[in-house]
Amino acid sequence: MQSSSELFPVALLSAELRGDLSEDVYRLKPGNSPDFSVELAVTRLGLAEQAQARGVPVILLHGSFSNRRFWYSPACMGLAPYLVRAGFDVWVAEMRGHGLSPRNLAYRHNCVADYARYDLPMIAAFVAELNPAPAHWLGHSLGGLTLAAALGGGYLPQAGVAGVGLFGAEVSRRYWALKMPPIEWLARLILKRFPVLSGAWLKRGPEDEPVGIALETLRWHRLFGRFGDAQGDWLKGLSTVAVPVLAVAGEGDVQCPPNACRALLEQFTSADRQFVNLGRANGFAQDYDHVQMLVSKQAQDEVWPLVRRWLEGERQSAPHRTDEPGAAVVPASS
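At position 37 of the sequence shown (counting the first as 1) the number is 37 in the UniProt record's numbering, and the numbers step up by one without a gap.
Shown next as structure tokens:
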């Protein structure tokens, strides 16, 4: 690979203009995990006429069954272009085997532990090489959990993190059936028959997921399970995280309900923690679901500006009720 980094081999796959934006797609080959075939695609978006003028970096992580297109469409519509036009230096990462990241040799065994331990630190190092300012990280669903794992496990250095935004991310819901060992064993036996989970067949999204993700989730939720791996308890590790944290939930999200999203946020001990519940009762136009919270016309009008203000350091600036638990924008400790 032609290298554009002094850290590890990096190839510039493309450098295109997309209307008023520039799009540079890099493929990283860190070589730091047991599977040396891993390559990661990272897209940098900027303003076409200001190639050298870069603001504060923001790194976006997609959720399960997804890719970079969750954050911006081929027509350059989405939260990522919105943040670029607001002056941020936006990076969109794609996990192993998703989007422009090719499937590695051990693809079926990929899991959050690998993303958190090996991939996110290398993405952070590459971004810092080109923009040394501390970066904001925003993760949706599984992307948010990966961020929590990387921070709770101590894999992502806090010194380089300006703030973390978790959108529809939770790990505290109780799946009581999985607490019964025979059911958990049967689920594991069935899952092991499949190398991947098809996003199209499950009607969950455009990408497949490696079965390793599902098996890892079973470990988290089984009897005496925990959000972690053999090396540590990531949930407990969040008590050492001091960076600003924003948690966003959707009142209409049945996959990751607001109380569960807030429970994850409360594991952090950061002095600057905020919880946003997107629902009509809190002054929003609708009860947002798992995807609508970031990908919808209403999100463009209501949620994107809220995210921008938080990134810019404004707190409790949204004109919504804040006088009750679960209100639109409240300190997590209230």
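Each residue gets a CB set at the ideal place from its N, CA and C atoms; glycine is no exception. Note that the structure is predicted; figures quoted are calculated from it, not measured.
Could you spell out where the alpha helix (DSSP H) holding residue i opens and where it closes?
| i | result |
| --- | --- |
| V211 | V211 to H221 |
| residue 411 | What is shown of the chain runs 1 to 334, which leaves residue 411 out entirely. |
| R262 | P258 to L265 |
| A169 | Unbroken run through A169: none, as it is neither H nor E. |
| R309 | K297 to L311 |
| W234 | W234 to G237 |
| W201 | G199 to L202 |
If you measure between the beta carbons of residue i and residue j, is that distance less than 7 Å?
| i | j | result |
| --- | --- | --- |
| N67 | E39 | no |
| L45 | V84 | yes |
| E170 | L264 | yes |
| Y175 | A116 | no |
| G237 | G153 | yes |
| D35 | L105 | yes |
| W310 | L246 | yes |
| A260 | S172 | yes |
| residue 348 | R108 | Since the first residue shown for the chain is 1 and the last is 334, residue 348 is missing from the structure and cannot be characterised. |
| N282 | G212 | no |
| W220 | A149 | no |
| R280 | D287 | yes |
| G165 | L138 | yes |
| A125 | L12 | no |
| A133 | V42 | no |
| R222 | L178 | yes |
| R188 | L218 | yes |
| E129 | S5 | yes |
| S141 | G199 | no |
Beta strand (DSSP E) containing residue i: first to last residue?
| i | result |
| --- | --- |
| E49 | It is not in any beta strand (DSSP E) - E49 carries neither H nor E in the DSSP assignment. |
| R188 | Counting along the chain, R188 falls outside any beta strand (DSSP E), though it belongs to the alpha helix (DSSP H) covering P181 to L191. |
| G250 | V245 to G250 |
| L278 | R273 to L278 |
Could you tell me how far apart the beta carbons of residue i and residue j are, in whole angstroms, since I believe they sit closer than 8 Å?
| i | j | result |
| --- | --- | --- |
| L21 | A48 | 6 Å |
| R54 | D89 | 4 Å |
| E216 | H98 | About 16 Å; that fails the 8 Å criterion. |
| F70 | R204 | 12 Å between Cβ atoms; not a contact. |
| I59 | A135 | 5 Å |
Run the proximity test for residue i: is its beta-carbon closer than 6 Å to any non-hydrogen atom belonging to the ligand NAP?
| i | result |
| --- | --- |
| Y72 | No copy of the ligand NAP appears in this structure; indeed no ligand is present at all. |
Per the contact definition of three or more C-beta pairs closer than 8 Å, is the region 183-192 in contact with the region 273-290?
Output reads no: the region 183-192 does not touch the region 273-290.
Write down every uninterrupted run of the beta strand (DSSP E) in the UniProt domain "AB hydrolase-1" (57-151) whose length is 3 residues or greater and which is fully enclosed by it, in chain order.
You should have 57-61, 89-94 and 135-140.
Which runs of the beta strand (DSSP E) fall wholly inside the region 11-40 and span at least 3 residues, in chain order?
Here the runs fully enclosed are 21-28.
Three or more beta-carbon pairs under 8 Å between the region 249-258 and the region 100-119, yes or no?
no
Cβ contact (3+ pairs, closer than 8 Å) linking the region 223-235 and the region 139-154
The region 223-235 vs the region 139-154: in contact.
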